[in-house]
Structure formats: structure tokens, C-alpha cells
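S.K.:
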Amino acid sequence: GTDPELSLLLGRQAAARERTPAVEDVLRAALIASRVRRVVRPPARAVAEGPAAGTDSAAFGPDGSELLLVGRDGSVRAVDARSGKLLFRLAATGVRRAVFGPKGSVILTGGRDGSFDLWSSRNGSFVANVGHGAPIDVVAAGPDGAFAATAGRDGSVVVWRIARQARVATFSAGGPVGELQFGAHGR
Numbered sequence: 001g002t003d004p005e006l007s008l009l010l011g012r013q014a015a016a017r018e019r020t021p022a023v024e025d026v027l028r029a030a031l032i033a034s035r036v037r038r039v040v041r042p043p044a045r046a047v048a049e050g051p052a053a054g055t056d057s058a059a060f061g062p063d064g065s066e067l068l069l070v071g072r073d074g075s076v077r078a079v080d081a082r083s084g085k086l087l088f089r090l091a092a093t094g095v096r097r098a099v100f101g102p103k104g105s106v107i108l109t110g111g112r113d114g115s116f117d118l119w120s121s122r123n124g125s126f127v128a129n130v131g132h133g134a135p136i137d138v139v140a141a142g143p144d145g146a147f148a149a150t151a152g153r154d155g156s157v158v159v160w161r162i163a164r165q166a167r168v169a170t171f172s173a174g175g176p177v178g179e180l181q182f183g184a185h186g187r
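Heads up: the sequence shown is residues 1 to 187, going by my numbering.
#1: Using 8 Å as the Cβ pair cut-off and three pairs as the minimum, do the segment 144-162 and the segment 94-110 touch?
#2: Taking the beta strand (DSSP E) that Asp80 falls in, what are its first and last residues?
#3: Please state the DSSP three-state secondary structure of Gly101.
#4: What three-state label does DSSP hand Arg96 in the structure shown?
#5: Measuring only the C-alpha atoms, how far is Asp113 from Asp137?
#6: Based on Cα-Cα distance, which residue from Ala16, Ile162, Val139 lies nearest to Gly178?
#7: Mind checking whether Ala128 and Asp117 have CB atoms under 8 Å apart?
#8: Would you mind sorting Thr55 into buried or exposed? The rule is 16 or more other CB atoms within 10 Å of its CB.
#9: Would you list the one or two residues that DSSP bridges to Arg167?
#10: Please list the terminal residues of the continuous beta strand (DSSP E) segment that includes Arg89.
#11: Taking its Cβ as the centre, do 16 or more other Cβ atoms sit within 10 Å of Thr109, making it buried, or is it exposed?
#12: Grouping DSSP H, G and I as helix and E and B as strand, with all else coil, what is Asp63?
#13: Please state whether DSSP places Ala46 in a helix, a strand or coil.
#14: CB Leu87 to CB Glu66, shorter than 8 Å?
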């Protein structure tokens, strides 16, 4: 068997050394293979074009038709996952992570400045700044859309109730947090 996450890591390292169509194909295939909930079959050469020098992270929308690209410069672009066509840009800077909420109506971003923001997924318009405090490296949305969580290198983890834009819980993970994930029942 193959390990899609390892393929993604190795492909990203290859892209840092040399940007070729073959490396882009490997990265694209690994990204698609790592999607556990949905299978997305974009055309073989769908490429997101844009001014960002590179992409730090990418996240599919709930139906797999849209892709959020967080540039190394902290910008966020939403693109059509099949064609690579730019749909809109968020008026955000310093973003480390961007994810779609599970119902697809909202985009959640976490920033280097500690901001946790909500955006409309229809047109990228700003909805609200929720907060956090420490620089945010990881953002996760609960499966029912009611909750989200943010975490950073300082080890702080904050659970949010999206509709109220309020903290539900804050705790320390004891060190840097590299990934957050909700269980199937939102816990």
C-alpha cells in the first residue's frame, strides 16, 4: 500500500527543491489521495494560478469542488478544484491555516498575529474576528459546524462555538500542536 500523507510530505520537499510539472502532479495526487471523506477527480492538469510564490497549505471544501490555498505570504485564495480558476481572495494577511466549515458556508482562518477569523465562503467577505491570542498554526472545524478549534506553537488549544463566536474551553497541550481533529460526533 501507499501512504498518501508521506507522499504529500515528500512531494512538498521535492517542490521546495524544484518546481516541475511532474512534482506538481505528485503533490496533486497525494493531496487528493489524503482526502478521506470525499474522492475528487480533477482533470489531470488542473493548476491553481496566482501571484503567491508558493502554497503553505491547502484545504478542500466539503463537496470537493473548491480549494483554499494559503500562500507563503499569508494570503488566502479560493480556487475551483477542477480548473484552478480563482474564485476570490480573502482580504487577509498573515494567515497560517484556512479551512472550510463542514457545511461550506463559512471559512475559518488562523493567523500569525493570533487572530481567528470567519469569512463568507460565497464571496470571501469578512464576517467576524473571534480572537485567540497566541499565533495560530492549526484550525479545525467540527463535523456538525457548531464548533471549531484553534491551536498554536505555545501549546494553547481553544475550542469555539461558531454561532456565538465564543470560547467554550481553553487548555494547554503541553507543547506545540501540529494537528487538531474532531471526532465523528464533534468531540
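Glycine included, each C-beta is placed from N, C-alpha and C at the ideal position.
M.R.: The short version:
#1: Touching, yes, given that three or more Cβ pairs across the two stretches are closer than 8 Å.
#2: Against the sequence shown, residue 80 aligns to sequence position 80. Annotation: the continuous beta strand (DSSP E) that includes Asp80 extends over 76-80.
#3: Working through the sequence shown from its first residue, we reach residue 101 at position 101. Gly101 falls in the coil class under three-state DSSP.
#4: Taking the sequence shown and counting its residues from 1, the one referred to as residue 96 is at position 96. Secondary structure of Arg96 (DSSP, three-state): strand.
#5: Translated into the one-based positions of the sequence shown, residue 113 becomes position 113. Translated into the one-based positions of the sequence shown, residue 137 becomes position 137. Here the alpha carbons of Asp137 and Asp113 stand approximately 10 Å from one another.
#6: Here the question's residue 178 lines up with position 178 in the sequence shown. Ranking Ala16, Ile162, Val139 by Cα distance to Gly178 puts Val139 first.
#7: What you label residue 128 is simply residue 128 of the sequence shown in a count that begins at 1. What you label residue 117 is simply residue 117 of the sequence shown in a count that begins at 1. Yes. Within cutoff.
#8: On the sequence shown, residue 55 is found 55 positions in, with the first residue counted as 1. Per the 10 Å Cβ criterion, buried.
#9: As a first step, residue 167 is located in the sequence shown; it is residue number 167 there, counting from the start. According to DSSP, Arg167 bridges with Trp160.
#10: By one-based count along the sequence shown, residue 89 stands at place 89. Looking at the DSSP string, the run of the beta strand (DSSP E) that includes Arg89 is 86-89.
#11: Taking the sequence shown and counting its residues from 1, one reaches residue 109 at position 109. Classification of Thr109: buried, given that the 10 Å Cβ count is 16 or more.
#12: Mapped onto the sequence shown, residue 63 falls at position 63. Coil.
#13: Numbered from 1 along the sequence shown, position 46 holds the residue referred to as residue 46. Its pLDDT being 48, under 50, Ala46 is placed unreliably by the model, and nothing is read from it.
#14: Against the sequence shown, residue 87 aligns to sequence position 87. Against the sequence shown, residue 66 aligns to sequence position 66. Yes, they are a contact pair.
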